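This report refers to the structure that appears directly beneath it.
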Amino acid sequence: MKVKIELYATLRDKYGVKGIVVECDGSIKNLIEQASKLLDEDFFDEVYDSRRNFVREDRIFTINGRNIKDIKGEIRLKEGDVVAIFPPIAGG
Amino acid sequence: MADGYMGKILRVDLTSSSIKVEETDKEIAKKYIGGKGYATYLLYQYLKEYEKKGISPKDINPLGAENVLIFATGPGTGVVGFPSPGRYHVMALRSPLTNAIGSANSGGKWGPCLKFAGFDAVVVEGASDKPVYLEIVDGKAELKDASQIWGRTTFDTCRILKEKVGGKRTSVACIGPAGENLVLMACIINDEHRAAGRTGLGAVMGAKKLKAIVVSGAKNVEVAKPEEYQEVSKKCLEKIKNNPVTGEGLPTYGTAILVNIINNAGALPFKNWQSGYNPEADKISGETLTKDYLIRKGACWGCTIACGRVTKVAGGAYQVLYSEGPEYESIWALGNTTGVMDMGAVIKANHFCDELGMDPISLGSTIACAMELKEKGYISEEELQGIDLKFGNSAALVEMVWKTAYKAGFGKYLALGSKRLAEIFGAEGLSMSVKSLEMPAYDPRGAKGIGLTYATANRGGCHVTGYTISPEILGIPEKIDPLTTEGKATWVKVFQDFTCVVNSTVNCLFTTFALGAQDYAELLSTVTGWNFTEEELLKIGERIYNLERVIINKFGFDGKDDILPKRLLEEPMPEGAAKGQVVELDKMKEEYYKLRGWVNGKPTEEKLKELGIEL
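Protein sequence lines, in the order shown, are assigned to chains A and B. Counting from 1, one number per residue, gives the positions in the first sequence under our numbering. Counting from 1, one number per residue, gives the positions in the second sequence under our numbering.
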């Protein structure tokens with residue numbers, strides 16, 4: 001399925017794109033693996049924590065605007081979902 | 001005395017042109033710290049005096065001589081090595097915009113320079129019949145004729161007075177034409193681009209015909225336990241440096257970085273809060289600001305975070321070769337909620353807000369309100385005198401800034417703020433404000449906790465006093481679900497109390513992305529020599545919050561005013577990540593009052609006794 005990944009702040013600068021469309025099997029891990037093949041292989045560790053087998057604690061990762069830390073149960077992506085990834089940021 | 005305080009407070013009576021110096025009361029300081037806390041205590045004493053003289057609080061005219069304006073620093077302000085110590089707090093007994101208490105906070109270097117000049121605070125009462133400015137240099141204070149600078153912009157006023165007084169440790173806080181013209185959202189500007197922005201304090205200064213306060217001096221701020229302080233300072237500055245937000249995010253992008261993330265969460269109010277999602281928000285985002293308009297970052301006095309932006313618009317109709325900001329709030333208010341997607345126009349409008357001395361949050365939101373009123377047929381073409389005030393019209397936005405400052409044409413209505421504007425044109429529900437203060441850049445249908453903050457903030461629709469956006473969307477210190485109401489009351493109360501501590505210290509709230517109450521306890525203990533614990537500090541914060549609440553209760557504000565606009569309670573969010581949501585305020589409010597020990601928005605006698613507040 002096709003899922004869009006949007007990058008923000010320093011991630012946008014690092015990978016030189018605002019967003020890419022990725023073909024994946026519906027799992028978060030696979031999405032990021034596939035994205036690394038398109039962007040750069042270090043993208044995987046930039047976003048995913050292999051030890052916890054989950055998105056990095058210090059990344060804001062949303063699916064259609066909903067932060068994955070707030071989603072209960074197993075997370076499966078659907079065709080056309082939009083994933084947004086932010087590094088730690090804040091303001092007032 | 002080496003304890004972070006300069007030991008002196010200036011009391012200025014503009015009616016009699018007299019200036020008195022009094023000692024900073026350390027017994028009060030132990031209970032209220034300084035800054036906002038000490039100022040709130042002093043304002044309450046004025047209220048009591050007025051009541052004794054038979055003046056009812058409800059009869060106090062915010063633009064009258066009886067209003068009181070206080071500029072206050074705290075024991076942390078201007079201390080070398082203190083985390084982000086370049087701030088000061090301003091309070092007015094009554095705000096002309098809200099009729100509740102007036103309160104605002106600013107950066108730059110005015111706060112430290114007041115202390116270098118030898119004072120902890122300046123209390124201004126009465127009103128002058130001719131324009132004057134106050135000069136405070138090396139421990140001496142004098143009122144001087146301001147006829148040559150009355151009418152001048154804030155930029156000119158700052159430059160003229162800074163040059164007149166000279167010296168490197170000199171700073172000017174002043175009003176521009178908006179304050180002189182009693183525009184209800186007029187603000188106080190210092191160092192040209194920093195603002196004590198909200199609640200119309202510029203109009204209070206204008207009504208007193210006080211044009212500016214220039215401060216300068218050679219003193220340094222001494223601390224009680226220098227060696228222990230050095231250790232604590234080092235530890236705290238390391239925490240700030242190593243924290244990804246204060247050490248990298250904020251210095252790289254400034255606060256504007258929030259535009260895309262808040263929009264992504266469906267909580268970026270769009271077109272006067274008709275939606276919380278704007279598909280084009282990236283055009284006015286922090287990323288765009290950094291890429292196309294940023295010259296370099298900037299910092300307030302002594303700050304190691306440096307979230308300030310120095311920007312320019314290189315060419316075109318909105319060219320400006322040097323400006324500072326805009327901040328996230330300014331971008332949202334002048335841009336997103338007005339539908340203006342031209343970053344150059346937003347920067348120019350923000351620049352004019354600084355130059356003329358107005359709060360961009362209230363101004364932008366008032367313009368957006370007018371745009372919706374026009375769209376829905378409440379305002380006629382004739383009233384607008386040739387301005388096509390519709391959502392997205394950049395030229396109209398920029399023009400309305402100066403028109404508001406001078407109350408020209410339709411600007412005379414905008415100058416009243418959105419609440420009065422909407423009432424005049426027959427659509428009160430379209431003012432997106434609480435207690436007449438326009439709400440800032442977060443739609444609580446997408447983050448319920450901030451809705452409780454807006455409803456219960458003593459100064460009106462305010463976000464900084466209880467910034468639950470931090471846990472709800474940013475995940476700091478931990479992630480909580482923005483769309484639920486459970487537990488939000490506790491977060492709001494703790495943040496409100498802790499923010500009072502920060503605003504009484506007075507240093508920058510952004511340090512709290514990296515530091516906690518325990519850090520503040522250690523910092524304040526080693527600076528003052530008094531032994532504060534984390535619990536005691538939060539108790540002090542609670543005391544300050546409750547005393548401020550007592551003051552607004554006396555003005556007639558209570559539970560009926562701790563509310564949100566109908567739109568947020570009854571109109572489900574039409575799109576975005578928070579689609580379908582409304583704010584379940586009553587649930588959160590009930591829990592909040594229980595935690596606070598309040599009934600119908602008023603502290604009980606037991607609560608006041610517990611906090612040692614003597615009425």
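Idealized CB from N, CA, C, for every residue including glycine. Since we're looking at a predicted model, the values are computed, not measured.
Quiz item: Which partner residues of Arg11 (chain B) appear in the DSSP bridge assignment?
Solution: B:Lys20, B:Val123
Practice problem: With DSSP as the reference, label His89 (chain B) as helix, strand or coil. | Solution: strand
Quiz item: Quick one: any contact between the stretch 539 to 548 of chain B and the stretch 489 to 497 of chain B, if contact means 3 or more CB pairs under 8 Å?
Solution: yes
Practice problem: Label Ile149 (chain B) either buried or exposed according to how many other C-beta atoms from any shown protein chain fall within 10 Å of its C-beta, with 16 as the threshold for buried. | Solution: buried
Practice problem: Taking 8 Å as the cut-off, decide whether the C-beta atoms of Ala457 (chain B) and Thr465 (chain B) are in contact. | Solution: yes
Exercise. If I'm right that Ala224 (chain B) touches Asp3 (chain B) with Cβ under 8 Å, what's the distance once you round it to whole angstroms?
Key: 5 Å
Quiz item: What residues of chain A sit near Tyr328 (chain B), judged by a beta carbon separation below 8 Å?
Solution: Gly91, Gly92
Exercise. Indicate whether Ile97 (chain A) and Gly249 (chain B) have their beta-carbon atoms separated by less than 8 Å.
Key: The displayed coordinates of chain A run from 1 to 92. Any statement about residue 97 (chain A) would go beyond what the structure contains.
Practice problem: Out of B:Leu14, B:Gly386, B:Ala186, point me to the one whose CA is closest to Gly679 (chain B)'s CA. | Solution: The requested residue 679 (chain B) is not part of the displayed model; chain B covers only 1 to 615.
Exercise. For Ile469 (chain B), name the three-state secondary structure that DSSP assigns.
Key: helix
Quiz item: Helix, strand or coil: how does DSSP classify Ala622 (chain B) here?
Solution: Since the first residue of chain B shown is 1 and the last is 615, residue 622 (chain B) is not available in this structure.
Quiz item: In angstroms, rounded to a whole number, what distance separates the CA positions of Ala578 (chain B) and Asn64 (chain A)?
Solution: 10 Å
Exercise. Could you tell me how far apart the beta carbons of Ser504 (chain B) and Gly74 (chain B) are, in whole angstroms, since I believe they sit closer than 8 Å?
Key: 5 Å
Exercise. Flag Thr255 (chain B) as yes if its beta-carbon sits less than 8 Å from any beta-carbon of chain A, otherwise no.
Key: yes
Practice problem: Classify Thr290 (chain B) as buried or exposed, calling it buried when 16 or more other Cβ atoms lie within 10 Å of its own Cβ. | Solution: buried
Practice problem: Please look up how many angstroms separate the CB atoms of Gly339 (chain B) and Gly316 (chain B), rounded, as I've assumed it's under 8 Å. | Solution: 19 Å between Cβ atoms; not a contact.
Quiz prompt | As assigned by DSSP and simplified to three states, the class of Ala117 (chain B) | solution = coil
Quiz prompt | Residue of B:Asp138, B:Asp25, B:Leu93, B:Lys211 minimising C-alpha distance to Pro131 (chain B) | solution = B:Lys211
Exercise. Under 8 Å by Cβ, that's how I've got Pro440 (chain B) and Leu237 (chain B) pegged, so tell me the actual separation to the nearest angstrom.
Key: Not really, about 29 Å apart at Cβ, beyond 8 Å.
Quiz item: When you compare only the Cα positions, how much space is there between Leu42 (chain B) and Ile552 (chain B)?
Solution: 15 Å
Quiz item: Exposed or buried, what is Met1 (chain B) when buried is set at 16 or more other beta-carbons lying within 10 Å of its beta-carbon?
Solution: exposed
Quiz item: Excluding sequence positions up to five away, which residues of its chain have a Cβ less than 6 Å from the Cβ of Asp138 (chain B)?
Solution: Gly217
Self-check item: Any C-beta of chain A under 8 Å from that of Glu238 (chain B)
Solution: no
Quiz item: Using a Cβ cut-off of 8 Å, which residues of the stretch 58 to 77 of chain A contact any Cβ in chain B, in chain order?
Solution: Asp58, Ile60, Thr62, Asn64, Gly65, Arg66, Asn67, Lys69, Asp70
Practice problem: Whole angstroms is fine: what's the gap from Leu268 (chain B)'s alpha carbon to Asp443 (chain B)'s? | Solution: 6 Å
Practice problem: Determine the chain B residues that contact Arg12 (chain A) at a beta-carbon separation under 8 Å, and present them in chain order. | Solution: Glu287
Quiz item: Identify the residues that DSSP records as bridge partners of Ile70 (chain B): which are they?
Solution: B:Met91, B:Val123
Quiz item: If you measure beta-carbon to beta-carbon, which residues of the stretch 90 to 104 of chain B are closer than 7 Å to chain A?
Solution: none
Quiz prompt | Opening and closing residue of the beta strand (DSSP E) in which Lys144 (chain B) lies | solution = 140 to 145
Quiz item: If contact means a Cβ-Cβ distance below 7 Å, which residues of the stretch 214 to 247 of chain B contact chain A?
Solution: Pro244, Val245
Quiz item: Listing by chain order, which chain A residues have their CB less than 8 Å from the CB of Lys283 (chain B)?
Solution: Here the premise fails: no neighbours, minimum Cβ distance about 12 Å.
Quiz prompt | Range of the contiguous beta strand (DSSP E) that encloses Glu2 (chain A) | solution = Before going on, a small fix: residue 2 (chain A) reads as Lys here, not Glu. Note, Lys2 (chain A): beta strand (DSSP E), 2 to 7.
Exercise. Return the Cβ separation of Ile20 (chain A) and Val83 (chain A) in integer angstroms, given the expectation that the two are a contact with Cβ distance under 8 Å.
Key: Not a contact, Cβ separation roughly 10 Å.
Quiz prompt | Burial state of Ala314 (chain B), where buried means 16 or more other Cβ atoms lie within 10 Å | solution = exposed
Quiz item: Using CA coordinates, which residue listed in B:Phe116, B:Thr512, B:Ala265, B:Ala422 is at the minimum distance from Tyr378 (chain B)?
Solution: B:Ala422
Quiz prompt | Contact check, Gly364 (chain B) vs Ala333 (chain B), beta carbons under 8 Å | solution = yes
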